[in-house]
Amino acid sequence: MIKRLTLAFILFFGIAGIANAEIYLESLENERYNLGEVVLLKGYAQEQERFGGDLEIKSFCGNESKVILYSVLDLDPGEKHQFSQEFPVNKGVSGVSGGCYFTVSLKGEGISEEKRSVDFTITNQLRVDGDIDIITQRPGGDVIVSGTIRKTNGLRVDDGSVALTLNGKVYGSGLSNGAFSYRISLPVDISSGEQTVIIKARDLNGNEGDGEVKFRVISVAEDLSISTDKDAYQPGENLIATVSLIDQSGKNIEGSSTVQLVDPQGNDALTKVVENGAGFEIFLDELTLPGTWILRAEGKGFEASKKFYVEEVKDKEIKVEENKVFIRNTGNVVYDDPIQIDLLSGDGEEFRIIKDTPLKPNQTIVVDLNDEVPRGDYDVKVGGSLITGNVVLQGSGIENLKQNSLAGYFALVFVFLFLMLVVITKGRRRFSNRKAAGETGQRTLYNKHADREDKEAAEKAVMRNREIARKKEERERKEGGRPLLRASKEDVDHMLNRIKKEVPVDSDKRKSSGNPFNIFD
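This is the structure we're talking about:
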C-alpha cells in the first residue's frame with residue numbers, strides 16, 4: 008500500500024513539472040525576406056518550478072539546420088526568460104528560393120520542451136516600378152525614364168543601380184533612396200512603332216529585379232522610291248513596280264502614292280493610285296512605243312522616278328482566209344521589209360509575189376491571190392514560213408489573164424493579116440499606076456525613035472527601059488514590103504498592155520464572154 012502511494016506521488020509531481028514548462032514565440036514581421044535583411048525571433052521561456060537546463064534556438068532552411076542560440080538557464084519558479092534573436096539573411100544561406108523556420112527547445116532534468124515558428128521565405132528578387140514621361144515621341148526627341156526599386160516587403164532599397172536598355176544601347180543610373188530618373192535622347196534613325204525600355208535593378212546585397220516601360224515612335228517620311236523588276240522589256244510583257252515611302256529607319260510607311268507613266272514622246276500614258284510597299288503590274292501591249300519610258304511617283308510631298316526601256320520589235324502576223332493573205336504588222340515600229348509570198352502548186356509550179364508596202368504598227372494589207380496566180384491548190388509560204396493548209400483558187404485573175412492573152416494572140420494574128428492585106432492592096436495600086444505610067448512613056452519614046460531611027464533601034468530601047476523598070480519595081484517592092492512581113496516590138500507590147508489592163512472576170516461571166524477581140528473594145 009505504501010509503495011503504491013509513493014509511485015503515485017512521483018508520477019504526479021513529474022507530470023506536473025513537465026506540464027508547467029512553457030515556450031512562447033511572437034509572430035515574425037514578414038513572410039518573405041530579401042538578402043541582407045535580418046529575421047528577428049522573439050519569445051520567452053517559463054517554468055512553474057525551479058528550472059535548470061538549456062535553451063537552444065535552431066534555424067532550418069532547405070535541408071540545412073544551424074544553431075543560432077544556445078543558453079544555460081537557471082530559473083526560479085514562475086520566472087520568464089525573454090529572448091530576441093536576430094537571424095541575418097545573406098548569400099550563404101542555403102535554399103534561398105525555399106522556406107525556412109526556427110525551433111526553440113528547453114532541456115533539463117526531467118524536462119524537454121520544443122516550439123516551432125511559422126515558416127518564412129528568403130528571396131533575392133526586387134520589385135521594379137518604372138514610368139516614362141511620354142507615350143509618343145518623334146525621332147531625335149527625349150524621353151525620361153524613372154522609377155523606384157523595392158524589396159519584397161515593399162520598402163525601398165537603400166543603395167544600388169539600374170541599367171536601362173533601348174535598341175541594344177545601355178544607359179546606367181544610380182539609386183537615391185531606392186529611386187532613379189534618367190533622360191534618353193532618341194536616335195534620329197530609330198525605328199517607328201512601339202519601343203521598349205528594359206530596366207534592370209541591383210542592390211549591394213545581390214538582390215535583383217527587372218521591369219520595363221513602353222512608348223511609341225511616330226514615322227517621319229524622309230524619301231520616296233520606285234523600283235521595277237528589270238530595266239528593259241519586250242512588248243507584250245508585264246512590268247512589276249513597287250513604290251515605297253521611306254521613314255527615318257528605312258521602313259515603308261503604309262499609305263498610298265500616285266503613279267504616272269510617261270511614253271518616249273512625253274505623253275501621259277497612265278495615271279493610277281497604288282499602295283506603298285505593294286507591287287503592282289502594268290501590261291505593255293504589242294503596240295507599246297519603243298524607247299525610254301518613265302514611271303513617276305508622288306506621295307507625302309516627295310517625288311521619285313524610274314526609267315525603263317521598251318525594245319523595238321519588227322514582226323508580222325499572217326493569216327489566209329478565202330484565198331486572201333492578210334498580213335498585219337504586230338511589231339511596234341514600221342515594217343518596211345519587202346514581203347515575199349511563195350506559192351507551190353500541186354504540179355510543182357512555183358510562183359513568187361513580192362509586196363514592198365511599209366506597214367505601220369497594227370496596220371494590215373490584204374493580198375488577193377485570185378489576182379496573182381492561176382486557179383489550183385497551193386502551199387503558201389510568207390517570208391519562209393509555211394502557212395498551215397492549202398489555198399484553193401477557183402478562176403483566178405491569172406487564169407483570166409492567160410485566157411485573155413490567148414485571145415490577144417489571135418487578135419494579133421488577125422491584125423497582122425489585116426495590115427498585110429491593106430499594105431498589099433496599096434502596093435498593088437501603086438504598082439499599077441507606075442506600070443501604066445511606064446508604058447505611056449515607052450510608047451512616047453518609041454514614037455520619037457521611030458521618027459529619028461529605024462524600028463529595030465526603037466524596040467531595043469523599049470526592052471532596055473522595061474528591064475530597068477522591072478528591076479526598079481522589084482527593088483521598091485522589096486523595100487516597101489519588109490515592114491509588112493512582121494509586127495514591131497512596140498506594137499506587140501502595146502497589145503499586151505491592153506490585154507493586162509483588162510479587169511478579171513468571174514468564171515460565170517467568162518463563159519458568157521465569147522468575143523476574142525475584146526482588145527478593140
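Numbering (this note's numbering), first residue to last: 8 to 528. Think of the CB as a built atom: it goes at the ideal place given N, C-alpha and C, for glycine as much as any other residue.
(1) Express the C-alpha separation of F94 and S180 in angstroms, rounding to a whole number.
(2) Please return the same chain residues whose Cβ sits closer than 7 Å to the Cβ of V135, not counting the five positions on each side in sequence.
(3) State the start and end residues of the unbroken beta strand (DSSP E) segment that holds Y529.
(4) Where do the N-terminal and C-terminal ends of the beta strand (DSSP E) with S180 fall, by residue?
(5) Classify D378 as helix, strand or coil using the three-state DSSP reduction.
(6) Among the residues of its own chain, which have a CB less than 6 Å from the CB of I30, if the five just before and after it don't count?
(7) Take V220 as the anchor and find which of L173, I233, Q255 and S264 has the nearest alpha-carbon.
(8) Give the list of continuous beta strand (DSSP E) stretches no shorter than 3 residues that lie fully inside the segment 244-314.
(9) From Y316 to V281, what does the alpha carbon distance come to, in whole angstroms?
(10) Please report how far the alpha carbon of T278 lies from the alpha carbon of K313, in whole angstroms.
(11) Give me the Cβ distance between A293 and N245, rounded to the nearest whole Å; I'm assuming they're in contact under 8 Å.
(12) For the beta strand (DSSP E) containing A52, list its first residue and its last residue.
(13) Considering only residues of the same chain and omitting the five flanking positions on each side of Q255, which have a CB-CB separation below 8 Å?
(14) Rounded to whole angstroms, how far is the Cβ of V79 from the Cβ of D61, which I believe are closer than 8 Å?
(15) Quick one: what does DSSP say T364 is sitting in, helix, strand or coil?
(16) Check the DSSP bridge columns for L231 and list the partner residues they point to.
(17) Between the segment 366-377 and the segment 339-357, do at least 3 Cβ pairs fall closer than 8 Å?
(18) In the DSSP assignment, find the beta strand (DSSP E) that holds Q132 and state where it starts and stops.
(19) For V220, report the span of its beta strand (DSSP E) as first-last.
(20) Between G161 and G185, what straight-line distance do the alpha-carbon atoms span, to the nearest angstrom?
(21) With a CB to CB cut of under 6 Å and the five nearest residues on each side skipped, what residues in its chain are close to T128?
(22) Q202: which of I431, V224 and F309 sits nearest, CA to CA?
(23) Relative to the C-alpha of I325, which residue among W300, L193, K388 and A311 is closest?
(24) Tell me whether K467 sits in a helix, a strand or coil according to DSSP, three-state version.
(25) How big is the Cα-Cα spacing for V152 and I191?
(26) By Cβ distance below 6 Å, which residues in the same chain neighbour S263 in space, the five residues on each side in sequence not counted?
(27) Verify whether the separation of the beta carbon atoms of Y385 and L350 is less than 8 Å.
(28) Can you check whether the CB of L82 is closer than 8 Å to the CB of E54?
(29) Can you tell me the Cα-Cα spacing of Q253 and E44, whole angstroms?
(30) To the nearest whole angstrom, what separates the beta carbons of L42 and K114, a pair I think is in contact under 8 Å?
(31) Considering only their Cβ atoms, is the gap separating G257 from L211 smaller than 8 Å?
(32) Would you decide whether Y240 is buried or exposed? Buried here means 16 or more other CB atoms lie within 10 Å of its CB.
(33) Bridge partners of T203, per DSSP?
(34) Identify the residues that DSSP records as bridge partners of F423: which are they?
(35) For L428, which of helix, strand or coil comes out of DSSP?
(36) Nearest CA to the CA of N286: which residue from I247, E36 and V266?
Based on what the coordinates show:
(1) In the sequence shown, the residue the question calls residue 180 occupies position 173. In the sequence shown, the residue the question calls residue 94 occupies position 87. Straight across, the Cα-Cα distance linking S180 with F94 is about 32 Å.
(2) The sequence position of residue 135 within the sequence shown is 128, counting from 1. G154, I156, I206, A208, G216, D217 and G218, listed in sequence order.
(3) An answer regarding residue 529 cannot be provided, because it is not within the stretch 8 to 528 covered by the chain.
(4) Counting from 1 along the sequence shown, the entry for residue 180 is found at position 173. K176 to G181 is the extent of the beta strand (DSSP E) around S180.
(5) Within the sequence shown, numbered from 1, the residue matching residue 378 stands at position 371. Helix at D378.
(6) Within the sequence shown, residue 30 is the residue found at index 23, counting from 1. Counting only Cβ-Cβ distances below 6 Å, and skipping sequence neighbours, we find A52, V111, E120 and K122.
(7) Along the sequence shown, one-based indexing puts residue 220 at 213. Closest by alpha carbon: L173.
(8) 245-253, 263-269, 275-282, 287-290 and 298-306
(9) Taking the first residue of the sequence shown as position 1, residue 316 is located at position 309. Taking the first residue of the sequence shown as position 1, residue 281 is located at position 274. Each residue's alpha carbon lies about 22 Å from the other.
(10) Translated into positions along the sequence shown, residue 278 becomes position 271. Translated into positions along the sequence shown, residue 313 becomes position 306. Each residue's CA atom was taken as its position, placing T278 and K313 some 15 Å apart.
(11) For this step, residue 293 is matched to residue 286 along the sequence shown. For this step, residue 245 is matched to residue 238 along the sequence shown. First, the amino acid is wrong: residue 293 is Glu here, not Ala. Their Cβ separation, rounded to whole angstroms, is 13 Å, which puts E293 and N245 out of contact at 8 Å.
(12) Along the sequence shown, one-based indexing puts residue 52 at 45. V45 to Q53 is the extent of the beta strand (DSSP E) around A52.
(13) Working through the sequence shown from its first residue, we reach residue 255 at position 248. Here the set comprises P146, V195, D196, I197, S199, S226, V227 and E229.
(14) In the sequence shown, the residue the question calls residue 79 occupies position 72. In the sequence shown, the residue the question calls residue 61 occupies position 54. Indeed, because the Cβ distance is near 6 Å, the residues count as touching under 8 Å.
(15) Your numbering for residue 364 matches position 357 in the sequence shown. In this structure, T364 counts as coil in the three-state DSSP scheme.
(16) Here residue 231 refers to the residue found at position 224 when the sequence shown is read from its first residue. For L231, which the question treats as bridged, DSSP gives the partners L252.
(17) At 8 Å Cβ cutoff, the stretches touch.
(18) Position 125 of the sequence shown, counting from 1, holds the residue named residue 132. Looking at the DSSP string, Q132 is not in any beta strand (DSSP E), and its letter there is neither H nor E.
(19) Position 213 of the sequence shown, counted from the first residue, corresponds to residue 220. Here the beta strand (DSSP E) through V220 covers E215 to V224.
(20) As a position in the sequence shown, residue 161 is number 154, starting the count at 1. As a position in the sequence shown, residue 185 is number 178, starting the count at 1. One alpha carbon belongs to G161, the other to G185, and they sit about 11 Å apart.
(21) The residue you call residue 128 lines up with position 121 of the sequence shown. The answer, listed in chain order, is R39 and G106.
(22) Reading the sequence shown from its first residue, position 195 is the one you call residue 202. Closest option to Q202, Cα to Cα, is V224.
(23) In the sequence shown, counting from the first residue as 1, residue 325 sits at position 318. Checking every option, the nearest Cα to that of I325 belongs to K388.
(24) Stepping through the sequence shown from its first residue, residue 467 is reached at position 460. It is helical.
(25) If you number the sequence shown from 1, residue 152 lands on position 145. If you number the sequence shown from 1, residue 191 lands on position 184. In a straight line, the C-alpha of V152 is about 8 Å away from that of I191.
(26) By 1-based counting over the sequence shown, the position of residue 263 is 256. The answer, listed in chain order, is V280 and E282.
(27) Along the sequence shown, one-based indexing puts residue 385 at 378. Along the sequence shown, one-based indexing puts residue 350 at 343. Yes; because the gap between Cβ atoms is below 8 Å, this pair is in contact.
(28) Here the question's residue 54 lines up with position 47 in the sequence shown. Here the question's residue 82 lines up with position 75 in the sequence shown. In this structure, E54 places its C-beta atom within 8 Å of the C-beta atom of L82.
(29) Taking the sequence shown and counting its residues from 1, one reaches residue 253 at position 246. Taking the sequence shown and counting its residues from 1, one reaches residue 44 at position 37. Reading off the sequence, residue 253 comes out as Ile, not Gln. Cα-Cα distance, rounded: 55 Å.
(30) Working through the sequence shown from its first residue, we reach residue 42 at position 35. Working through the sequence shown from its first residue, we reach residue 114 at position 107. Their Cβ separation, rounded to whole angstroms, is 33 Å, which puts L42 and K114 out of contact at 8 Å.
(31) Looking up residue 211 in the sequence shown gives position 204. Looking up residue 257 in the sequence shown gives position 250. No, the Cβ-Cβ distance between L211 and G257 is not below 8 Å.
(32) Here the question's residue 240 lines up with position 233 in the sequence shown. Using a 10 angstroms sphere on the CB of Y240, the tally of other CB atoms reaches 16 or more, which defines it as buried.
(33) Mapped onto the sequence shown, residue 203 falls at position 196. K221, per the DSSP bridge assignment.
(34) The residue you call residue 423 lines up with position 416 of the sequence shown. Note: F423 sits in no beta bridge, so no partner.
(35) Within the sequence shown, the letter at position 421 stands for residue 428. In this structure, L428 counts as helix in the three-state DSSP scheme.
(36) For the purposes of this step, residue 286 is identified with residue 279 of the sequence shown, where counting begins at 1. Per the sequence presented here, residue 286 reads as Gly, with Asn not at that position. The residue with the shortest Cα to Cα distance from G286 is I247.
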